[in-house]
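Notes for the one structure printed next.
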Amino acid sequence: MPVKVKKNFGFTPIPSLHKRFKKRWVWQLVVSLWACAIIWGLIGTGSPLGEMVRNFVTSALSPQNDWMPAIQEVIHLQPENTGGNEQMVLPVSGIVVKNFGWDVSGNDQKKEWHGGIDIKAQKIQPVKAAAAGTVQDITGDGGQGYHITILHNPELSSIYGNLGRVLVHQGQQIKQGEPIGEAGQSQVYFEIRVKGTPVDPLNYLRSNRNGI
Numbered sequence: 001m002p003v004k005v006k007k008n009f010g011f012t013p014i015p016s017l018h019k020r021f022k023k024r025w026v027w028q029l030v031v032s033l034w035a036c037a038i039i040w041g042l043i044g045t046g047s048p049l050g051e052m053v054r055n056f057v058t059s060a061l062s063p064q065n066d067w068m069p070a071i072q073e074v075i076h077l078q079p080e081n082t083g084g085n086e087q088m089v090l091p092v093s094g095i096v097v098k099n100f101g102w103d104v105s106g107n108d109q110k111k112e113w114h115g116g117i118d119i120k121a122q123k124i125q126p127v128k129a130a131a132a133g134t135v136q137d138i139t140g141d142g143g144q145g146y147h148i149t150i151l152h153n154p155e156l157s158s159i160y161g162n163l164g165r166v167l168v169h170q171g172q173q174i175k176q177g178e179p180i181g182e183a184g185q186s187q188v189y190f191e192i193r194v195k196g197t198p199v200d201p202l203n204y205l206r207s208n209r210n211g212i
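Here it is, written out as structure tokens:
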């Protein structure tokens with residue numbers, strides 16, 4: 001009688017490297033998609049945490065983002081739960097020389113947070129209100145520059161800095177485009193806050209041929 005020899009000695013077959021690599025690749029893809037979905041969801045909420053995530057992603061992916069061509073645009077701000085859209089015009093004509101977010105300057109390359117944008121302007125050039133509202137606060141002096149804060153609604157405000165002259169007073173009702181001061185230096189600082197948190201004005205720009 002012929003002797004039967006077992007070819008399987010009890011060892012489990014080892015999966016090929018191709019199959020193992022394929023499974024690992026699929027798992028990494030699933031994890032990456034979940035991570036992207038979470039990040040996108042946070043950015044879409046408009047919350048302070050979402051704003052921080054958006055700033056980090058923007059800084060990481062486009063550290064040299066140039067918004068100068070958008071200076072003749074209109075700011076289209078859609079804050080959460082503010083009772084509708086707020087159309088905001090640029091306070092002064094010029095080019096953006098400093099963007100919102102982290103700024104690296106100086107020989108030590110130290111990072112500093114910039115809560116608004118700097119717009120190049122001529123001295124004594126009129127600075128206009130970005131939207132209708134009430135003058136909430138006026139600080140500073142002629143030497144260091146004045147800062148004017150306008151409250152547009154309970155959750156939306158704008159700040160104008162580096163002004164050499166103030167043309168309004170606290171509590172005054174302001175119309176959109178109404179002069180509120182004059183540029184005192186080569187740059188005018190412009191900041192928008194939603195629920196007390198600074199947001200990037202240039203993120204809400206849209207085309208407008210009429211300018212300001």
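Start counting the sequence shown at 1; every next residue gets the next number (full-length UniProt numbering).
All C-beta atoms in this analysis are idealised placements derived from N, C-alpha and C, irrespective of residue type, glycine included.
For Q87, the three-state secondary structure derived from DSSP is strand. Fully enclosed alpha helix (DSSP H) runs of no fewer than 4 residues are not present anywhere in the stretch 125-205. Excluding sequence positions up to five before and after W113, its CB lies within less than 8 Å of the CB of G101, W102 and D103, all in the same chain and listed in chain order.
By the CB criterion at 7 Å, V168 and A121 fall outside the cutoff. Between T149 and the set V166, L33 and Q28, the nearest pair of CA atoms involves V166. Q170 is positioned such that its CB atom lies closer than 7 Å to that of V135. In the three-state reduction of the DSSP assignment, G41 falls in the helix class, which pools H, G and I. Distance between P198 and S32, taken at the CA atoms: about 30 Å. Considering only I38, W34, L29 and N99, the residue with the shortest C-alpha distance to I192 is N99. Distance from the CA atom of A129 to the CA atom of M88, rounded to whole angstroms, is 9 Å. The beta carbon of Q125 lies closer than 7 Å to those of V92, E182 and A183 in the same chain, with the five residues before and after it left out. Distance from the CA atom of L29 to the CA atom of D118, rounded to whole angstroms, is 41 Å. Burial check for G133: the Cβ neighbour count within 10 Å reaches 16 or more, so the residue is buried. In this chain, the beta strand (DSSP E) harbouring S105 covers G101 to S105. Considering only V96, W34 and I138, the residue with the shortest C-alpha distance to L151 is I138. The beta carbon of A131 lies closer than 6 Å to those of E86, M88, H152 and Q176 in the same chain, with the five residues before and after it left out. The beta carbon of G140 is closer than 7 Å to those of Y146 and H147 in its chain, skipping five residues each way along the sequence.
For K123, there is no enclosing beta strand (DSSP E), as DSSP gives it neither H nor E. For the pair G196 and L90, the Cα-to-Cα distance works out to about 20 Å. Taken through DSSP and simplified to helix, strand or coil, V30 comes out as helix. Note that the C-beta distance between V127 and I180 is below 7 Å.
By the CB criterion at 7 Å, F190 and G116 fall inside the cutoff.
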